[in-house]
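Protein chains in written order, with this note's numbering: chain H, 12 to 557; chain W, 2 to 460. Written below as structure tokens is the structure these notes are about.
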Amino acid sequence: MAKTKHRLVKWEPTAIKEELLSKYPPKVARKRAKQILINEAQENETPEIQANVRTIPGIITMRGCTYAGCKGVILGPTRDIVNITHGPIGCGFYSWLTRRNQTDATAEGAENYMPYCFSTDMQDQDIIFGGEKKLEKAIQEAYDTFHPKAIAIFATCPVGLIGDDIHAVAKKMKEKFGDCNVFAFSCEGYKGVSQSAGHHIANNQIFKHVVGENDADKPGEYKINLLGEYNIGGDGFEIDRILKKCGISNIATFSGNSTYDQFASAHVADLNCVMCHRSINYVADMLETKFGIPWIKVNFIGAEATAKSLRKIAQYFGDKKLIEKVEAVIAEEMPLVDAVRDDVRTRTEGKTAMLFVGGSRAHHYQELFAEIGMKTLSAGYEFAHRDDYEGREVIPDLKVDADSRNIEEIEVNADPERYSPRKPAEEIAKLEAAGYKFKHYDGMIPEMDKGTIVIDDLNQYEAEKLVELLHPDIFCAGIKEKFSIQKLGVPMKQLHSYDSGGPYAGFSGAINFYKEIDRLVNSRVWSYMKAPWQENPELSATYVWE
Amino acid sequence: MTLLRHTPKEITERSALTINPAKTCQPIGAMYAALGIHGCLPHSHGSQGCCAYHRSALTRHYKEPVSAATSSFTEGASVFGGQANLLQAIENIFTVYEPEIIAVHTTCLSETIGDDLNQIRDKAQKEGKIPAGKHVIGASTPSYVGSHVTGFSNMVKSAVAQLAESTGHKNGKVNILPGWVEPSDMEEIKRLATLVGVDSILLPDTSGVLNGPLSGEYKMFPEGGTTVEEIKATGDAIGTLALGEWCSADAARLLDSQFKVPCKVLDMPFGLKATDRFIDALRTVAGVSVPNEINTERGQLVDLISDMHQYFYHKKVALVGDPDQLIAMTEFLVSIDMLPVHIVTGTPGKAFERRIREITKELPCEVNVKAKGDMFLLHQWIKNEPVDLLLGNTYCKYIARDEDIPFVRFGFPILDRVGHQYFPSVGYKGGLRLLEKILGVLLDRKDRDDPEETFELVL
Ligand code: SF4
Ligand code: SF4
Numbered sequence: 012m013a014k015t016k017h018r019l020v021k022w023e024p025t026a027i028k029e030e031l032l033s034k035y036p037p038k039v040a041r042k043r044a045k046q047i048l049i050n051e052a053q054e055n056e057t058p059e060i061q062a063n064v065r066t067i068p069g070i071i072t073m074r075g076c077t078y079a080g081c082k083g084v085i086l087g088p089t090r091d092i093v094n095i096t097h098g099p100i101g102c103g104f105y106s107w108l109t110r111r112n113q114t115d116a117t118a119e120g121a122e123n124y125m126p127y128c129f130s131t132d133m134q135d136q137d138i139i140f141g142g143e144k145k146l147e148k149a150i151q152e153a154y155d156t157f158h159p160k161a162i163a164i165f166a167t168c169p170v171g172l173i174g175d176d177i178h179a180v181a182k183k184m185k186e187k188f189g190d191c192n193v194f195a196f197s198c199e200g201y202k203g204v205s206q207s208a209g210h211h212i213a214n215n216q217i218f219k220h221v222v223g224e225n226d227a228d229k230p231g232e233y234k235i236n237l238l239g240e241y242n243i244g245g246d247g248f249e250i251d252r253i254l255k256k257c258g259i260s261n262i263a264t265f266s267g268n269s270t271y272d273q274f275a276s277a278h279v280a281d282l283n284c285v286m287c288h289r290s291i292n293y294v295a296d297m298l299e300t301k302f303g304i305p306w307i308k309v310n311f312i313g314a315e316a317t318a319k320s321l322r323k324i325a326q327y328f329g330d331k332k333l334i335e336k337v338e339a340v341i342a343e344e345m346p347l348v349d350a351v352r353d354d355v356r357t358r359t360e361g362k363t364a365m366l367f368v369g370g371s372r373a374h375h376y377q378e379l380f381a382e383i384g385m386k387t388l389s390a391g392y393e394f395a396h397r398d399d400y401e402g403r404e405v406i407p408d409l410k411v412d413a414d415s416r417n418i419e420e421i422e423v424n425a426d427p428e429r430y431s432p433r434k435p436a437e438e439i440a441k442l443e444a445a446g447y448k449f450k451h452y453d454g455m456i457p458e459m460d461k462g463t464i465v466i467d468d469l470n471q472y473e474a475e476k477l478v479e480l481l482h483p484d485i486f487c488a489g490i491k492e493k494f495s496i497q498k499l500g501v502p503m504k505q506l507h508s509y510d511s512g513g514p515y516a517g518f519s520g521a522i523n524f525y526k527e528i529d530r531l532v533n534s535r536v537w538s539y540m541k542a543p544w545q546e547n548p549e550l551s552a553t554y555v556w557e
Numbered sequence: 002m003t004l005l006r007h008t009p010k011e012i013t014e015r016s017a018l019t020i021n022p023a024k025t026c027q028p029i030g031a032m033y034a035a036l037g038i039h040g041c042l043p044h045s046h047g048s049q050g051c052c053a054y055h056r057s058a059l060t061r062h063y064k065e066p067v068s069a070a071t072s073s074f075t076e077g078a079s080v081f082g083g084q085a086n087l088l089q090a091i092e093n094i095f096t097v098y099e100p101e102i103i104a105v106h107t108t109c110l111s112e113t114i115g116d117d118l119n120q121i122r123d124k125a126q127k128e129g130k131i132p133a134g135k136h137v138i139g140a141s142t143p144s145y146v147g148s149h150v151t152g153f154s155n156m157v158k159s160a161v162a163q164l165a166e167s168t169g170h171k172n173g174k175v176n177i178l179p180g181w182v183e184p185s186d187m188e189e190i191k192r193l194a195t196l197v198g199v200d201s202i203l204l205p206d207t208s209g210v211l212n213g214p215l216s217g218e219y220k221m222f223p224e225g226g227t228t229v230e231e232i233k234a235t236g237d238a239i240g241t242l243a244l245g246e247w248c249s250a251d252a253a254r255l256l257d258s259q260f261k262v263p264c265k266v267l268d269m270p271f272g273l274k275a276t277d278r279f280i281d282a283l284r285t286v287a288g289v290s291v292p293n294e295i296n297t298e299r300g301q302l303v304d305l306i307s308d309m310h311q312y313f314y315h316k317k318v319a320l321v322g323d324p325d326q327l328i329a330m331t332e333f334l335v336s337i338d339m340l341p342v343h344i345v346t347g348t349p350g351k352a353f354e355r356r357i358r359e360i361t362k363e364l365p366c367e368v369n370v371k372a373k374g375d376m377f378l379l380h381q382w383i384k385n386e387p388v389d390l391l392l393g394n395t396y397c398k399y400i401a402r403d404e405d406i407p408f409v410r411f412g413f414p415i416l417d418r419v420g421h422q423y424f425p426s427v428g429y430k431g432g433l434r435l436l437e438k439i440l441g442v443l444l445d446r447k448d449r450d451d452p453e454e455t456f457e458l459v460l
């Protein structure tokens with residue numbers, strides 16, 4: 012088997028932090044110091060980290076922008092909405108099929124616009140004279156060519172600057188068509204400090220313009236929505252498979268493998284299950300306030316986590332039949348998972364990982380690594396807020412700064428006709444008394460070991476330093492980070508888009524992941540960094556054949 | 002089921018909606034060009050999303066680290082201007098990453114606000130934010146003008162405009178501006194120049210930067226790239242060979258008008274005839290006869306064309322890509338008796354359509370050509386008049402699959418295959434490779450489709 016180079020972890024976490032900061036100009040160092048935290052989170056005291064603050068100009072960040080969060084992450088995976096980017100060509104081009112959102116549009120007559128990229132391709136005259144006319148025309152052309160049920164408009168940086176009123180155009184066209192919902196997103200790239208603002212803008216508009224549009228009852232006994240699952244590499248397919256097997260009906264996934272009608276019907280579900288807390292927790296809150304649907308945090312990354320989440324859903328419905336079915340499914344799925352895990356673990360036990368990914372993935376995937384005996388040395392989010400690190404308890408303390416203030420907050424009230432509490436208050440209270448937690452998220456920090464290093468908005472320089480100092484056996488981040496880390500001789504797994512792998516959710520996903528990590532950390536290639544003559548450069552004056 | 006199932010055969014005029022673009026925006030081209038300068042950190046002046054997108058797209062294509070910084074605009078900077086952000090960025094970049102040079106390009110945002118890069122650079126200089134001996138250059142690359150190709154051209158032009166010097170003494174070198182081609186192509190262009198005996202300065206030069214080795218070490222600034230010294234020396238060169246009107250001519254003409262370095266604009270050396278003209282130009286510049294080695298390479302390409310001619314002859318081709326590449330490619334296809342019938346570039350420019358019309362005027366069939374077209378239109382053309390081969394970037398694979406057309410990846414971006422970083426497509430050797438790839442898919446197709454009775458071992 013391949014020999015991986017193992018450097019002893021001798022560094023003290025505080026020394027590492029100092030080392031990371033040492034190269035910065037003083038102002039930058041002061042700011043970064045607050046975003047780098049040595050975890051002491053045990054029991055009740057969760058240390059404070061600075062998050063969701065501006066990126067430092069010139070410091071090579073992993074982050075993207077608001078438009079990317081809105082069009083790319085949230086609306087990207089919906090197949091039957093025509094998504095038109097209003098702006099110069101680039102933004103639309105880069106968000107075209109690059110996130111590996113899979114969708115199943117194989118049903119007869121199903122619409123699928125995901126392989127298409129629609130843009131108004133603004134030219135300089137549009138910037139000078141305004142782009143509303145062109146946008147209006149583009150919407151008309153899209154309607155005439157495709158007759159979709161919905162058209163969504165996304166604003167890019169220049170659109171906000173020149174002041175195009177995209178919402179007015181959308182409204183006008185919606186009224187004109189009558190049979191096509193048209194709505195717009197003010198998701199200019201410069202808003203907010205990261206993609207997170209874009210998630211927010213996307214979710215708010217979907218909630219305002221689509222959720223609740225279809226009141227028809229949906230078949231199924233135990234109806235849930237899955238929030239914050241984007242079907243990267245087919246994760247959503249696997250979760251759907253398991254739910255179906257258990258007899259649970261998934262009304263809507265926000266937004267992996269989703270359709271317009273799923274969003275429109277989301278309010279008929281009886282429970283909301285939140286996967287990625289960061290990207291969507293507020294939608295769960297709004298659905299509860301407006302329609303009375305409670306929410307719980309779930310996690311389908313990791314076999315144990317999947318089992319736990321299924322049990323949690325079953326416990327909520329409290330139906331003996333469902334509880335038994337869930338147990339039966341877990342019992343049926345687990346043996347194969349166990350067998351692969353035990354085998355892989357013999358080769359991965361004791362190895363180390365670092366994870367720096369968008370929102371929840373930097374948290375959830377630690378569970379999968381733990382299942383194969385791997386330790387997470389350091390982790391952090393690209394664009395999380397403090398509650399994703401420290402738990403929802405801190406939400407009331409979060410200061411609303413200038414950058415968050417320009418992200419629209421929508422006022423939600425109970426729907427006069429359609430609000431109905433899904434369970435009597437006594438029943439909820441009983442569940443809670445038994446330790447059941449609604450609307451709850453502990454955040455990442457409490458689940459990480461003491462002495463691990465948590466870093467918000469990691470940048471390229473720090474990534475490279477961390478890898479040099481701690482030499483983890485695997486590093487997880489995104490495509491921009493992939494090859495600089497690998498040049499250092501450390502395998503790098505993309506956790507935004509999974510490279511070409513997946514699914515990694517659920518039971519078969521866990522199996523895929525164990526095997527993938529085994530392949531990566533034990534690949535022979537990492538032992539070839541130096542040629543034989545580089546390992547032993549001394550020359551001895553002998554002929555080869557002597 | 003088809004993937005692009007909503008694309009109708011019937012073509013209707015669209016004037017506002019672009020569908021499946023055949024181009025992207027200027028800054029990514031500027032970033033790619035800047036990476037071909039040694040010790041250079043490209044910097045995107047705008048909000049951080051553009052930079053993230055451009056880095057991701059280049060990374061996916063080259064499968065190599067692509068470092069670039071950003072001014073990280075937020076709402077405030079967008080309203081009040083990005084000067085403070087850029088000044089801060091320049092200081093941080095020189096402190097943390099220690100590049101030799103920062104190449105700043107604008108985005109649609111900073112352009113719309115009207116930030117003046119030269120003025121900000123001068124301010125940084127005055128405030129001592131640019132260490133002695135280090136450089137900052139800037140290019141204006143609004144994304145609502147031109148395309149990624151224009152952005153590339155603008156950065157190359159800015160590099161010579163802001164760095165080239167004239168000492169009054171010619172240095173005997175020839176500037177070669179290769180245009181937006183692969184690192185492997187740049188290497189091949191250098192090899193050919195050296196073989197002919199031309200002492201050249203290649204600008205930009207991404208070989209060694211975007212096709213580096215895996216060695217357990219990461220260098221943000223690898224060995225490759227045109228050095229600042231070399232760029233300075235372009236002003237003293239005896240001449241410039243600019244490959245590609247769109248990518249390289251502006252910089253070449255600037256060297257001509259500003260420093261009296263005469264220039265010749267050639268096509269990119271893809272295929273037989275364009276390579277012939279390139280070699281001929283090199284020979285003339287150097288005043289030497291072409292070495293036999295090159296004659297042999299040429300002869301090998303001609304040999305292959307004649308050996309396999311029956312498999313190309315009058316096969317119809319649809320192609321999409323960047324203007325300079327497409328012009329040479331179309332000429333190559335015509336020169337081997339293929340029929341390029343649908344040709345689309347996203348980059349605007351009437352001259353493109355004119356050149357293509359000229360190259361294809363003797364073909365025995367109608368030719369559709371559009372500059373500022375998109376792949377949706379290309380697909381519709383194909384539906385109306387099917388082809389035997391499709392040439393273009395990875396996005397074409399949806400069309401290829403739906404319409405069941407043999408497909409060769411060519412251009413930018415290639416997201417799902419490798420080789421473009423390592424094997425050149427320019428020169429005669431590149432021609433051999435292109436032809437081999439085209440033959441590969443055509444013959445695979447024949448082997449797949451031939452009925453049992455005519456299936457044959459020897460082709
Ligand atoms: S905002 Fe402009 S520069 Fe940025 S990606 Fe979009 S088109 Fe390109
Ligand atoms: S895990 Fe990250 S990248 Fe993924 S949806 Fe959540 S916030 Fe976005």
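From the three backbone atoms N, C-alpha and C, an ideal C-beta is built for every residue, glycine too.
If you reduce the DSSP assignment to three classes, tell me which class residue i lands in.
i: E189/W; result: helix
i: Q273/H; result: helix
i: Y400/H; result: helix
i: N385/W; result: helix
i: V340/H; result: helix
i: A104/W; result: strand
i: L327/W; result: helix
i: V355/H; result: helix
Based on Cα-Cα distance, which residue from the options lies nearest to residue i?
i: S360/H; options: P407/H, H220/H, G384/H; result: Sequence check: residue 360/H is Glu here, not Ser. It is G384/H.
i: T89/H; options: S269/H, K182/H, H178/H; result: S269/H
i: D246/H; options: R322/H, Y525/H, D460/H, R111/H; result: R111/H
i: D137/H; options: A125/W, P143/W, D116/W; result: P143/W
Can you tell me whether residue i is buried or exposed, with buried defined as 16 or more other CB within 10 angstroms of its CB?
i: G152/W; result: buried
i: Y452/H; result: buried
i: L110/W; result: buried
i: V67/W; result: buried
i: P387/W; result: exposed
i: R1/W; result: The first residue shown for chain W is 2 and the last is 460, placing residue 1/W beyond what the model contains.
Confirm, please, whether the CB-CB distance from residue j to residue i is below 8 Å.
i: L443/W; j: L390/W; result: yes
i: K174/W; j: A238/W; result: yes
i: H55/W; j: M32/W; result: yes
i: G512/H; j: W537/H; result: no
i: A213/H; j: I418/H; result: no
i: E378/H; j: R352/H; result: no
Go through its chain and collect everything with a Cβ distance to residue i's Cβ below 6 Å, but skip five positions before and after it.
i: M455/H; result: H374, Y400
i: Q206/H; result: G75, A79, G80, F394
i: K14/H; result: Low local confidence applies: a pLDDT of 40 at K14/H is under 50, so the model's placement there is unreliable, with the coordinate-based value given in what follows. So the list reads S538, once near-sequence residues are dropped.
Skipping 5 residues on each side, what residues in its chain have a beta carbon closer than 7 Å to that of residue i?
i: H17/H; result: For H17/H, the predicted model reports a pLDDT of 48, less than 50, meaning its position is unreliable and no value from the coordinates is stated.
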